[in-house]
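Undergrad:
2 protein chains.
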Amino acid sequence: MAKNNKTKYAILGLLHFKPMSGYDIKKYADRSLSFFWSENFGHIYPVLKQLELEGLVTSRKESTDHKPQRIVFSVTENGVKALHEWMTLDTMDYPTVRDELLLRVFFGETVSGDQMTHFLEKQKEVYTEKLSMVKSVEGAVAKMITDSEIEFPGFKFWRMTMEYGHDIFELRKNWCQKVIDMIKE
Amino acid sequence: MAKNNKTKYAILGLLHFKPMSGYDIKKYADRSLSFFWSENFGHIYPVLKQLELEGLVTSRKESTDHKPQRIVFSVTENGVKALHEWMTLDTMDYPTVRDELLLRVFFGETVSGDQMTHFLEKQKEVYTEKLSMVKSVEGAVAKMITDSEIEFPGFKFWRMTMEYGHDIFELRKNWCQKVIDMIKE
DNA sequence: GTATCCATGTAACCAGTTACATGATTGC
DNA sequence: GCAATCATGTAACTGGTTACATGGATAC
Numbered sequence: 349m350a351k352n353n354k355t356k357y358a359i360l361g362l363l364h365f366k367p368m369s370g371y372d373i374k375k376y377a378d379r380s381l382s383f384f385w386s387e388n389f390g391h392i393y394p395v396l397k398q399l400e401l402e403g404l405v406t407s408r409k410e411s412t413d414h415k416p417q418r419i420v421f422s423v424t425e426n427g428v429k430a431l432h433e434w435m436t437l438d439t440m441d442y443p444t445v446r447d448e449l450l451l452r453v454f455f456g457e458t459v460s461g462d463q464m465t466h467f468l469e470k471q472k473e474v475y476t477e478k479l480s481m482v483k484s485v486e487g488a489v490a491k492m493i494t495d496s497e498i499e500f501p502g503f504k505f506w507r508m509t510m511e512y513g514h515d516i517f518e519l520r521k522n523w524c525q526k527v528i529d530m531i532k533e
Numbered sequence: 349m350a351k352n353n354k355t356k357y358a359i360l361g362l363l364h365f366k367p368m369s370g371y372d373i374k375k376y377a378d379r380s381l382s383f384f385w386s387e388n389f390g391h392i393y394p395v396l397k398q399l400e401l402e403g404l405v406t407s408r409k410e411s412t413d414h415k416p417q418r419i420v421f422s423v424t425e426n427g428v429k430a431l432h433e434w435m436t437l438d439t440m441d442y443p444t445v446r447d448e449l450l451l452r453v454f455f456g457e458t459v460s461g462d463q464m465t466h467f468l469e470k471q472k473e474v475y476t477e478k479l480s481m482v483k484s485v486e487g488a489v490a491k492m493i494t495d496s497e498i499e500f501p502g503f504k505f506w507r508m509t510m511e512y513g514h515d516i517f518e519l520r521k522n523w524c525q526k527v528i529d530m531i532k533e
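So the protein lines, in turn, are chains G and W.
Note that the numbering used here numbers the first sequence so that position 153 is 501, with each residue one more than the last.
Note that the numbering used here numbers the second sequence so that position 155 is 503, with each residue one more than the last.
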């Protein structure tokens with residue numbers, strides 16, 4: 349059990365912030381984790397079911413009138429324990445990276461320099477966009493903090509992940525340029 | 349067809365360098381792609397079989413005496429075409445990242461600052477190791493080039509991927525330190 | 001004589017994605 | 001009346017991993 353299923357911990361971690369439905373989890377993940385994590389309904393719902401079987405979460409049906417029925421999950425004591433165990437593991441299996449950008453550059457010789465350059469320029473555009481996205485989100489957060497209307501547990505850590513996003517997009521963008529320069533030589 | 353199967357292109361690209369057996373492909377990948385790509389036998393062999401069915405590679409049995417029988421694959425004309433098409437695609441589906449390091453930091457509030465710091469120090473060690481590995485490989489290559497005994501198609505591109513590896517490991521190491529500093533404040 | 005490498009392969013499994021079905025509510 | 005959002009779920013599939021089986025060759 350619990351070998352490699354990270355979705356499990358992502359869900360546990362999110363529910364630790366506050367009790368949520370499967371739908372909420374997806375929304376929350378899309379908004380706050382999307383730079384480095386993704387989840388989809390087709391996986392969230394079955395995993396929630398399994399987590400309940402394992403006794404790591406409990407569900408409660410919320411039947412408000414005039415609103416679709418929601419099933420709200422909360423972490424149990426055992427759930428917190430499981431999350432804690434995972435969080436404090438010394439080691440972490442380094443993810444088996446599969447980076448298509450790198451793979452394509454590695455095979456760069458199989459196409460013309462112009463074609464490779466064209467592709468890399470396109471990629472640079474992608475990262476330019478991503479960078480401005482990060483900046484705008486960071487701006488929105490600065491506002492959020494000053495207004496301090498929304499409670500956000502651990503926003504400091506969240507900001508660090510944003511900073512990482514910024515750095516990585518910049519690195520990739522710059523690297524594309526380096527490859528372009530190398531081709532030109 | 350050809351939706352998302354990157355292994356296909358990894359194999360095609362490697363065979364484009366030179367005809368190889370499934371075993372060779374794995375070895376070659378482990379040596380040259382491992383920083384950003386991974387393959388395993390359980391996938392290579394079936395994909396090779398499928399590629400042959402699609403007419404993108406051909407196989408030839410090599411039966412030397414005193415040596416285990418090898419099946420050597422080469423790319424066909426159609427295989428080169430398929431590789432070329434993929435290489436010149438303007439767009440690239442950005443990989444659905446799932447970065448456990450980031451996820452754990454995001455949930456940093458759920459454990460004590462000391463525990464988090466301890467974990468991040470361990471991670472820094474991991475990246476320090478990876479960095480020295482990159483450096484040593486780069487050194488070995490410098491030697492290889494001056495000796496120029498081994499033929500390596502597109503070593504310039506290869507060197508760029510190594511540089512990327514170096515940069516990314518450094519970034520991650522430094523980022524861990526930044527998070528540690530943030531916790532201390 | 002044993003450990004390691006060469007070499008190929010399959011079966012079972014798992015994580016995750018896509019597509020689809022359903023239906024209520026809200027806002028224009 | 002229509003689109004968008006809220007909300008839950010399942011079935012089929014795919015990409016990839018792990019474990020296992022087999023067996024010869026080489027190096028110590």
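Note that CB positions come from ideal geometry on N, CA and C, so glycine has one too.
All values derive from a computational prediction rather than experimental measurement.
Is there a C-beta anywhere in chain G that falls below 8 Å from the one on Gly487(W)?
TA: Against the second sequence, residue 487(W) aligns to sequence position 139. Cβ-Cβ to chain G under 8 Å: no for Gly487(W).
Undergrad: May I have the straight-line CA-CA distance separating Leu431(W) from Glu533(W), to the nearest angstrom?
TA: Here residue 431(W) refers to the residue found at position 83 when the second sequence is read from its first residue. Here residue 533(W) refers to the residue found at position 185 when the second sequence is read from its first residue. Roughly 51 Å between the two C-alpha positions.
Undergrad: Using a beta-carbon distance cut-off of less than 7 Å, what residues from the region 447-464 of chain W approach chain G?
TA: Asp447, Glu448, Leu449, Leu450, Leu451, Arg452, Val453, Phe454, Phe455, Gly456, Glu457, Thr458, Val459, Gln463
Undergrad: Going along the region 418-441 of chain G in order, which residues come within less than 7 Å of chain W, judged by CB to CB distance?
TA: Leu431, His432, Met435, Thr436, Asp438, Met440
Undergrad: For Gln417(W), is the classification buried or exposed, using 16 other Cβ atoms within 10 angstroms of its Cβ as the cut-off for buried?
TA: The residue labelled residue 417(W) in the question sits at position 69 within the second sequence. Exposed, by the Cβ-count rule.
Undergrad: What is the C-beta distance between Val428(W) and Met368(W), in whole angstroms, given that I count them as a contact (C-beta under 8 Å)?
TA: Position 80 of the second sequence, counting from 1, holds the residue named residue 428(W). Position 20 of the second sequence, counting from 1, holds the residue named residue 368(W). So it is not a contact: roughly 15 Å between Cβ atoms.
Undergrad: Can you round the beta-carbon distance between Val527(W) and Leu451(W) to whole angstroms, since I take them to be within the 8 Å contact cut?
TA: Taking the first residue of the second sequence as 1, we reach residue 527(W) at position 179. Taking the first residue of the second sequence as 1, we reach residue 451(W) at position 103. With a beta-carbon spacing of about 13 Å, Val527(W) and Leu451(W) fall beyond the 8 Å limit used to define contacts.
Undergrad: Under a Cβ-count criterion, where at least 16 other Cβ atoms within 10 Å of its own Cβ denotes burial, should Lys356(W) be classed as buried or exposed?
TA: As a first step, residue 356(W) must be located in the second sequence, where it is residue number 8. With 16 or more other Cβ atoms within 10 Å, it is buried.
Undergrad: Please decide whether Val395(W) counts as near chain G, where near means a Cβ-Cβ distance under 8 Å.
TA: As a position in the second sequence, residue 395(W) is number 47, starting the count at 1. Chain G contact via Cβ: absent.
Undergrad: Around the C-beta of Glu433(W), are 16 or more other C-beta atoms found within 10 angstroms, so that it is buried, or is it exposed?
TA: Here the question's residue 433(W) lines up with position 85 in the second sequence. By the 10 Å Cβ count, Glu433(W) comes out exposed.
Undergrad: Quick one: what does DSSP say Glu387(G) is sitting in, helix, strand or coil?
TA: Along the first sequence, one-based indexing puts residue 387(G) at 39. Look at Glu387(G) here: in three-state DSSP terms it is coil, with no helix or strand label.
Undergrad: With H, G and I counted as helix, E and B as strand and the rest as coil, what does DSSP make of Arg418(W)?
TA: Taking the first residue of the second sequence as position 1, residue 418(W) is located at position 70. Three-state result, Arg418(W): strand.
Undergrad: Cα-Cα, which of Leu519(W), Asp372(W), Leu437(W), Thr444(W) is closest to Thr476(W)?
TA: The residue you call residue 476(W) lines up with position 128 of the second sequence. When only C-alpha atoms are compared, the closest one is Leu519(W).
Undergrad: Among Lys483(G), Phe505(G), Gln463(G), Val485(G), whose alpha-carbon lies nearest the alpha-carbon of Thr465(W)?
TA: Here the question's residue 465(W) lines up with position 117 in the second sequence. The residue among Lys483(G), Phe505(G), Gln463(G), Val485(G) with its C-alpha nearest the C-alpha of Thr465(W) is Phe505(G).
Undergrad: Could you tell me if Leu401(G) is buried or exposed, where buried requires 16 or more neighbouring beta carbons within 10 angstroms of its beta carbon?
TA: Residue 401(G) sits at position 53 when you count from the first residue of the first sequence. Exposed.
Undergrad: Nearest to Gln471(W) by alpha carbon, out of Leu404(G), Gly390(G), Val395(G), Thr439(G)?
TA: Within the second sequence, numbered from 1, the residue matching residue 471(W) stands at position 123. Measuring from the Cα of Gln471(W), the nearest candidate turns out to be Thr439(G).
Undergrad: Could you compute how far the alpha carbon of Gln525(W) sits from the alpha carbon of Leu362(W)?
TA: Translated into the one-based positions of the second sequence, residue 525(W) becomes position 177. Translated into the one-based positions of the second sequence, residue 362(W) becomes position 14. Approximately 37 Å, taken between the alpha carbons.
Undergrad: Report all residues from its chain with a CB closer than 8 Å to the CB of Lys374(W); omit the five preceding and five following residues, and keep chain order.
TA: Residue mapping note: residue 374(W) aligns to position 26 of the second sequence, counting from 1. Counting only Cβ-Cβ distances below 8 Å, and skipping sequence neighbours, we find Glu387, Asn388, Phe389, Ile392.
Undergrad: Once the 5 residues before and after Val395(W) are set aside, which same chain residues still bring their CB inside 7 Å of it?
TA: Counting from 1 along the second sequence, the entry for residue 395(W) is found at position 47. Excluding residues within five positions, the ones whose Cβ falls inside 7 Å are Thr355, Lys356, Ile359.
Undergrad: Go to Arg408(W), then tell me how far its beta strand (DSSP E) extends in each direction, as first and last residue.
TA: Position 60 of the second sequence holds residue 408(W). 405-410 is the span of the beta strand (DSSP E), which, as asked, contains Arg408(W).
Undergrad: Is Met435(W) near Val445(G), with beta carbons less than 8 Å apart?
TA: Working through the second sequence from its first residue, we reach residue 435(W) at position 87. Working through the first sequence from its first residue, we reach residue 445(G) at position 97. No, they are not a contact pair.
Undergrad: Flag Asp378(G) as yes if its beta-carbon sits less than 8 Å from any beta-carbon of chain W, otherwise no.
TA: Along the first sequence, read from residue 1 onward, the residue named residue 378(G) stands at position 30. Chain W contact via Cβ: absent.
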